[in-house]
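Trainee: Heads up, the first sequence is in the working numbering, so the first residue is 44 and it goes up one at a time. We treat Cβ as the ideally placed atom computed from N, Cα and C, and that holds for glycine. Before I ask anything, here is the structure I am working with.
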Amino acid sequence: MAMDIKKSVDKLDIKSFQDDLIGWFASEQRDLPWRKDQDPYKVWVSEIMLQQTRVDTVIPYFNRFLENFPTIEALAHADEEKVLKAWEGLGYYSRVRNLQSAVREVHEKYGGKVPDSPEGISSLKGVGPYTAGAILSIAYGKPEPAVDGNVMRVLSRILLIWDDIAKPSSRKIFEAAVRELISQENPSYFNQALMELGALICTPTSPSCLLCPVREHCQAFEEGAQNELPVKTKKKKQKSILLAAGIFKDSEGRILIRKRPESGLLANLWEFPTVELSLDFQRQRDQLSDHFEESYGVRPKIDESLGEIGHVFSHLIWNIHVFAGQFAGEIDESPQLKLVNQHEIQEYAFPVPYQKMLKQYLEFTKAD
DNA sequence: GATCCGTGGGC
DNA sequence: TGCCCAAGGAT
44 MAMDIKKSVD KLDIKSFQDD LIGWFASEQR DLPWRKDQDP YKVWVSEIML QQTRVDTVIP
104 YFNRFLENFP TIEALAHADE EKVLKAWEGL GYYSRVRNLQ SAVREVHEKY GGKVPDSPEG
164 ISSLKGVGPY TAGAILSIAY GKPEPAVDGN VMRVLSRILL IWDDIAKPSS RKIFEAAVRE
224 LISQENPSYF NQALMELGAL ICTPTSPSCL LCPVREHCQA FEEGAQNELP VKTKKKKQKS
284 ILLAAGIFKD SEGRILIRKR PESGLLANLW EFPTVELSLD FQRQRDQLSD HFEESYGVRP
344 KIDESLGEIG HVFSHLIWNI HVFAGQFAGE IDESPQLKLV NQHEIQEYAF PVPYQKMLKQ
404 YLEFTKAD
C-alpha cells in the first residue's frame, strides 16, 4: 500500500468507522428487488445490469429478466434472441451475451453453482474486478473489495486521496484501502454501504455532508475539501457520423430487417438497412438505394423522408436520415435477414435509435 | 494505457 | 445545449 494512503488509514478509527457505516446501511438502505435474498445468481444479474447504469433504470429490467429467466438453468437454456430482447434498451449489449455465456459455463462446469473463489468467479466472461468482489462479498460474505465509482468517490473523500480516479491504475489504490478497512464480520454490508453512501449522501456534486453517518471520520470534510474530490479528468468529445436508413416493404407489406455483426457497436441487434454517408456526396437517397441494391440485388424505390434522428453514444454521435420506401422482387431470408410484418417485428431487439425510427414510421403510416 | 461499448436523466 | 454522469469490462 502506498505510504500516503497508509498515513490516511492510520488516522481512522477503523472499528468505529465500520460500525457507523454499517449501522447506517442497516437502517437506511433502499428496498431494492435484488436485496430480497442473497441468491448468487440474482446478485450476479443485478451487478451486471448495474454496470454504468442507474438503479432506477435497472429495477424494471431486473424484475422482468428474473421472471423470464429465474434460475441459472433457465438462462442457460434460453433462446439467445429472447435474452437479447429482454435486454433491449439497457445498452452495453455485450454484457448480456457474456452473462449468458458465463451462466452456461457455470451450468456445465460447476453444476449450476456460482463459483465462490476469486479465481473461479473472475474467470467468468463479463466478470471483472468489481463484479467479482461484489458477488463474493454480497452473495458469499467473503471480505473482498468491490471498488466501483461510488467507492472511489467516497474513499477519496474519507481518506483524502488525490489520485485521478479516471485512471485505471487508481483502482488498485482503493482496493488496497478497502482491504485495510473492510469489516471481516460483515463484508457484504460494508461494501454495499460504501456504494449506498455514494449514491444517497456522498454524491458527485453537493454531497450531503450534514446528513453523513461517517462525517466525523471524513478527512475531506475536516479540510473542507469535499467539493474538490474526487479528482477526475474529463473525457474527450465524441465523433459525429452521418447515416441514412430505410424502412422498406416488399409487395406483401413486410419490412426488411437485418442483424448487426456479432461484434462491435450494438452487436447482434437488429436494424433497418443503413449506410454511412460520404460527406461530399449529397444525394442521400441514391447512396441508400445503391447500398440496398449492392447488398440485396434489388433496387428499392424511396417514397418518403421521415426526417432526422440524432443519437448520442458514449464515444459517437449518429445523425440518421430516415427514409421509407418499397421494393419489388424476391430477397432470400436468412438468420441475418428477415422480412417481418408489424406484429412480428416486436419479437426482435432493436437499439433505441431504430426503435425511434419505427415509432415515427408507424405514426406516419397510420396518418395515411 | 487508451479506446470501445448504450442509454436516459440531471443541471 | 452540452456536459457529466451510473454499482465496468474487453481488447
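For HIS364, which option in PHE60, LEU322, LEU285 has the closest C-alpha, if you only look at C-alpha atoms?
Mentor: LEU285
Trainee: According to DSSP, is PHE264 helix, strand or coil?
Mentor: helix
Trainee: Following the continuous alpha helix (DSSP H) through HIS120, name the residue where it begins and the one where it ends.
Mentor: 115 to 120
Trainee: Given this structure, state the Cα-to-Cα distance separating GLY296 from THR408, to the nearest angstrom.
Mentor: C-alpha separation (whole angstroms): 12 Å.
Trainee: Please identify the residue among HIS386, PHE264, ARG342, ALA242 whose C-alpha is closest to the C-alpha of GLN95.
Mentor: ALA242
Trainee: Under 8 Å by Cβ, that's how I've got LYS168 and ASN193 pegged, so tell me the actual separation to the nearest angstrom.
Mentor: The pair is not a contact, with the Cβ atoms about 24 Å apart (cut-off 8 Å).
Trainee: Which runs of the beta strand (DSSP E) fall wholly inside the region 255 to 331 and span at least 3 residues, in chain order?
Mentor: 282 to 292, 298 to 302, 317 to 319
Trainee: Below 8 Å, can you find three or more Cβ-Cβ pairs linking the region 113 to 120 to the region 369 to 378?
Mentor: When C-beta atoms of the region 113 to 120 are compared with those of the region 369 to 378, fewer than three pairs fall below 8 Å, so the two segments do not count as touching.
Trainee: I believe SER231 touches SER160 by the beta-carbon criterion, under 8 Å. Please report the beta-carbon distance rounded to the nearest angstrom.
Mentor: In fact, because the Cβ distance is near 17 Å, the residues do not count as touching under 8 Å.
Trainee: With distances taken Cα to Cα, identify the nearest neighbour of PHE393 among LEU109, GLY134, LYS49.
Mentor: Answer by Cα proximity: GLY134.
Trainee: Return the residue from the list PRO76, PRO396, GLU351 that minimises the CA-CA distance to PHE108.
Mentor: PRO76
Trainee: Can you tell which of ASP191, ASP99, ALA145, PHE315 has the C-alpha that lies nearest to the C-alpha of HIS120?
Mentor: It is ALA145.
Trainee: Considering only DSSP beta bridges, list what ILE360 is partnered with.
Mentor: Residue pairing by DSSP puts ILE360 in a beta bridge opposite SER283, VAL355.
Trainee: Per DSSP, what kind of secondary structure is VAL126 in: helix, strand or coil?
Mentor: helix
Trainee: When the Cα atoms are used, what is the spatial distance from THR276 to ARG200?
Mentor: 16 Å
Trainee: Quick check: the Cα distance between PRO396 and HIS150, rounded to an integer number of angstroms?
Mentor: 35 Å
Trainee: My guess is that VAL52 and LEU202 are in contact by the Cβ rule of under 8 Å, so how many angstroms apart are they, rounded?
Mentor: 7 Å
Trainee: What's the gap between the Cα of CYS245 and the Cα of HIS354?
Mentor: 31 Å
Trainee: Taking the alpha carbon of ASP191 as the point to measure from, which residue in VAL221, GLY184, ILE300, ASP56 has its own alpha carbon closest?
Mentor: VAL221
Trainee: What's the C-alpha gap between VAL383 and ILE345?
Mentor: 19 Å
Trainee: Using the C-alpha atoms, what's the distance from LEU322 back to ILE360?
Mentor: Cα to Cα, the separation comes out at about 15 Å.
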